[in-house]
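Heads up, the thing below is written out as structure tokens.
In our numbering, the protein residues as written are 169 to 293.
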């Protein structure tokens with residue numbers, strides 16, 4: 169028995185998203201890295217679950233760091249009172265809803281989960 173999506177490539181495409189209400193239209197990986205490493209507060213990062221494959225791949229591609237290195241960066245920022253760590257969500261659907269509901273939020277999900285409540289501003293290669 170095959171799943172309906174069995175013809176899709178093995179590697180899913182990860183996209184960076186913002187709310188459909190957000191005026192941003194595109195972004196470079198370097199810019200996204202600023203938000204997900206706590207270096208800019210223009211957007212509020214929304215994260216996938218710790219240990220998830222999509223999270224590990226995202227951080228490798230966007231920040232050139234592994235998830236543990238990113239966690240260490242956030243721990244230091246939180247400890248020094250400079251920033252709040254991103255909220256974590258268990259699924260693409262939860263991340264998408266959180267981003268759709270907050271025009272300042274930025275997150276990343278599998279491209280197949282995109283709908284008209286969010287806007288893709290970066291596709292990871």
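Note that CB positions come from ideal geometry on N, CA and C, so glycine has one too. Keep in mind that this is a model prediction, so the values were computed, not measured.
Quick check on residue i: buried or exposed, where buried means 16 or more other Cβ atoms within 10 Å of its Cβ?
i, result
"residue 250", "exposed"
"residue 230", "buried"
"residue 237", "exposed"
"residue 261", "exposed"
"residue 193", "exposed"
"residue 206", "buried"
"residue 304", "This structure leaves residue 304 out entirely; the chain is present only between 169 and 293."
"residue 283", "exposed"
Compute every distance between the C-beta of residue i and the non-hydrogen atoms of the ligand NAD, then say whether any falls below 7 Å.
i, result
"residue 268", "The model on display carries no ligand, and the ligand NAD is accordingly not part of it."
Could you round the C-beta distance between residue i and residue j to whole angstroms and report it? I think they count as a contact, below 8 Å.
i, j, result
"residue 292", "residue 195", "That pair is no contact at about 11 Å."
"residue 132", "residue 188", "A question about residue 132 goes unanswered here, because the residues of the chain that appear run from 169 up to 293."
"residue 278", "residue 217", "Residue 278 to residue 217, Cβ: 13 Å. No contact."
Identify, in the order they occur along the chain, each residue of the same chain with its Cβ nearer than 6 Å to the Cβ of residue i, setting aside the five sequence neighbours on each side.
i, result
"residue 274", "186, 203, 211 and 213"
Would you check if the distance between the CB atom of residue i and the CB atom of residue j is smaller than 8 Å?
i, j, result
"residue 209", "residue 276", "no"
"residue 246", "residue 253", "yes"
"residue 190", "residue 287", "yes"
With DSSP as the reference, please indicate the residues paired to residue i in a beta bridge.
i, result
"residue 181", "None; residue 181 has no bridge partner."
"residue 202", "Per DSSP, none; premise fails for residue 202."
"residue 291", "183"
"residue 214", "255"
Using a Cβ-Cβ cut-off of 8 Å (strictly less than) and excluding sequence neighbours within five positions of residue i, which residues of its own chain qualify?
i, result
"residue 266", "214, 255, 257, 273 and 275"
Might you give, ordered along the chain, the residues of its own chain that have their beta carbon closer than 7 Å to the beta carbon of residue i, omitting 5 neighbours on each side?
i, result
"residue 173", "In this predicted model, residue 173 has a pLDDT of only 46, less than 50, meaning its place in the structure is not dependable; the value taken from the coordinates is given anyway. Nothing meets the Cβ criterion."
"residue 233", "227"
"residue 241", "205 and 206"
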